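Encoded as C-alpha cells, the structure appears first; notes follow it.
Structure below.
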C-alpha cells in the first residue's frame, strides 16, 4: 500500500452473507465498497482504525479499534448494508420464512426456538485491542487480534486469528488466489450478550439461554483476476463453522455462516 | 509510355525534394543548441507542486524567430536572434516538456524537465487478512 494515499474500490455483483439467526435476514452483497488509508503509522481499513507502533520487515504491532461484527446479524440497517439492494433482501426473507414454516411442521424439537423479532434489540459494539501481523515464508501472513469491548455493550473479549496464503500461477499471470484459514473466538460475555436469552427478552423462561465462550473456525477462498490496473473480477467463498455454545442458543437456526460473492471490482 | 515515364520522373524528383527538405529541417533542428538548467525540479514529497528559477539558453547557426512553450502554453518569444540566454520561472506538478518552436510552429528543439521528490514513495503492507466486511 502506498503510504499517505487513500485507496478506494467498489465491487458490483451478486452475493450474500447468510444469517444464522431464526428469521434473520441474509445480508445481500450487491455493491461492496472497500477503502483504506495507510499513513506512516495510522491506518484505516474499512471498519478498522489502527496505529502501528512497531513495524519491521516481518512483524508489526498495532493498536486497533473496530466495529464488532456480531450485531450485523441482528440489525437490518447496518452501516455496511447501506449499499445493498432491499428488494433482494425481502426476497431472501420470504424464502427463509417459507423454509422456517416447513421446518416447524416437522419435528417437535424445532418449536424450541426464538425469533429475532421476539428478543430485546442488541447494540453495536466497538472493540479495541492489539493486532499482530507476521509476514513469513513466501507472502504468508498470520494475523492475530485480541480485542476488548470499549463502549460498554458486552464488556468482554474477542480474538481473531487468520493465516493467509496467496497463490499465483504462471499460466494465468493476472490471477491471485488467496486462501485463508482462521478462527474467531468470543468470550462468554460476548456470546451471552448476543446469543444469550434472559428476562430482558420477552420470551418464556424455558427458552432462557446462557452463552459460553466459543471458537469458530473458518476457511476463506478469494480469487481475483485483473483485466487491467483498474478492473478485476472477484470471487469470494467463505464458510464459518459456529461453535455449539452459539448454535445451542434458541435464537440460532444454522450452524454455519456462509459468504459468497462474485462480481467486478473497480479500483479508483 | 513516354508520358508515364515523365510522370514517374516528376514524382520521383518531387519526393526527393520533400526528402531533402526534411533532411534540411532535421539538420537545422540538430544545429540548435538548446538547454534548460537545472533539468530536475526537487519537491519534498510526491505530488507537491514544484517551483524553481531556470536558465534557458539556445544558439542557432542563423538568425531566427522562436518561441518557448511549456507543453502547449507559450512562455516567451525572441525575434531575430542567433543566441539567447534568459531566466524563466518554472511552476510544474509533474514532468514537463519544454519546446522551442520556429515561426511555422515547428519544434526545433525540446527538453524534458522532471520532478523528483526528495522522499521516495513509501509502501506499507496491508494489515488485513483478505477481503471481508469485518
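Chains as they are written, first to last, in the working numbering: chain A, 0 to 267; chain B, 2 to 135.
Idealized CB from N, CA, C, for every residue including glycine.
For clarity, every value in this text was computed on a predicted model and none was experimentally measured.
- Counting along the chain, residue 98 of chain B sits inside the beta strand (DSSP E) bounded by residues 97-102.
- In this structure residue 48 of chain B is exposed. Its beta-carbon is surrounded by fewer than 16 other beta-carbon atoms within 10 angstroms.
- Using a Cβ-Cβ cut-off of 7 Å, residue 37 of chain A counts as an interface residue toward chain B, since at least one Cβ of chain B sits closer than that to its own.
- With respect to chain B, the C-beta atom of residue 263 of chain A has no partner C-beta closer than 7 Å.
- Residue 190 of chain A carries a helical assignment under DSSP once its states are collapsed to helix, strand and coil.
- Residue range 51-71 is occupied by the beta strand (DSSP E) that includes residue 67 of chain B.
- Look at residue 152 of chain A here: in three-state DSSP terms it is coil, with no helix or strand label.
- The three-state reading of DSSP puts residue 136 of chain A in coil, since its state is none of H, G, I, E or B.
- Judged by DSSP secondary structure, residue 8 of chain A falls within the beta strand (DSSP E) whose first and last residues are 5-16.
- Leaving aside the five residues that flank residue 212 of chain A on each side, the residues in its chain whose CB is nearer than 6 Å to its CB run, in chain order, 186, 187.
- With fewer than 16 other beta carbons inside 10 angstroms of its own, residue 32 of chain B counts as exposed.
- Interface flag for residue 216 of chain A against chain B is unset, since no Cβ pair is found closer than 7 Å.
- With respect to chain A, the C-beta atom of residue 128 of chain B has a partner C-beta closer than 7 Å.
- Taking residue 100 of chain B as the centre and dropping the five residues before and after it, the same chain places the C-beta of 70, 108, 111 closer than 6 Å to its C-beta, in chain order.
- Excluding the 5 residues flanking it on each side, residue 200 of chain A has same chain C-beta neighbours closer than 6 Å at 118, 119, in chain order.
- The DSSP-derived three-state label of residue 73 of chain A is coil.
- Against chain A, the CB of residue 122 of chain B has a partner CB under 7 Å away; the residue lies at that interface.
- When the alpha-carbon of residue 53 of chain B is set against those of B:88, B:63, B:36, B:74, the nearest one is in B:88.
- For the segment 127-143 of chain A, residues whose beta-carbon sits nearer than 8 Å to a beta-carbon of chain B comprise 130, 132, 134, 140, 142.
- In the DSSP annotation of this structure, residue 202 of chain A is not part of any beta strand (DSSP E), being labelled neither H nor E.
- According to the DSSP assignment, residue 243 of chain A belongs to the alpha helix (DSSP H) that extends over 243-246.
- The beta carbon of residue 156 of chain A lies closer than 6 Å to those of 147, 186 in the same chain, with the five residues before and after it left out.
- Taken through DSSP and simplified to helix, strand or coil, residue 128 of chain B comes out as coil.
- When Cβ pairs closer than 8 Å are counted between the two stretches, the segment 124-132 of chain A is seen not to touch the segment 31-45 of chain A, the count staying below three.
- 7 Å or more divides the Cβ of residue 125 of chain B from the Cβ of residue 58 of chain A.
- Judged by DSSP in its simplified three-state form, residue 116 of chain A adopts helix.
- In this structure, the CA atom of residue 102 of chain B is about 5 Å from the CA atom of residue 68 of chain B.
- Sequence-distant partners of residue 190 of chain A (beyond 5 residues in either direction) whose C-beta falls short of 7 Å from its own C-beta, in its chain, are 210, 211, 212, 213, 244, 245.
- For the C-beta of residue 19 of chain A, not a single chain B residue is nearer than 8 Å; the gap to the nearest is close to 15 Å.
- Counting only residues of its own chain and dropping the five nearest sequence neighbours on each side, residue 8 of chain A has a CB closer than 8 Å to the CB of 32, 33, 34, 264, 265, 266, 267.
- Residue burial is scored here from C-beta neighbours: residue 167 of chain A has fewer than 16 other C-beta atoms within 10 angstroms and is therefore classed as exposed.
- Residue 254 of chain A carries a coil assignment under DSSP once its states are collapsed to helix, strand and coil.
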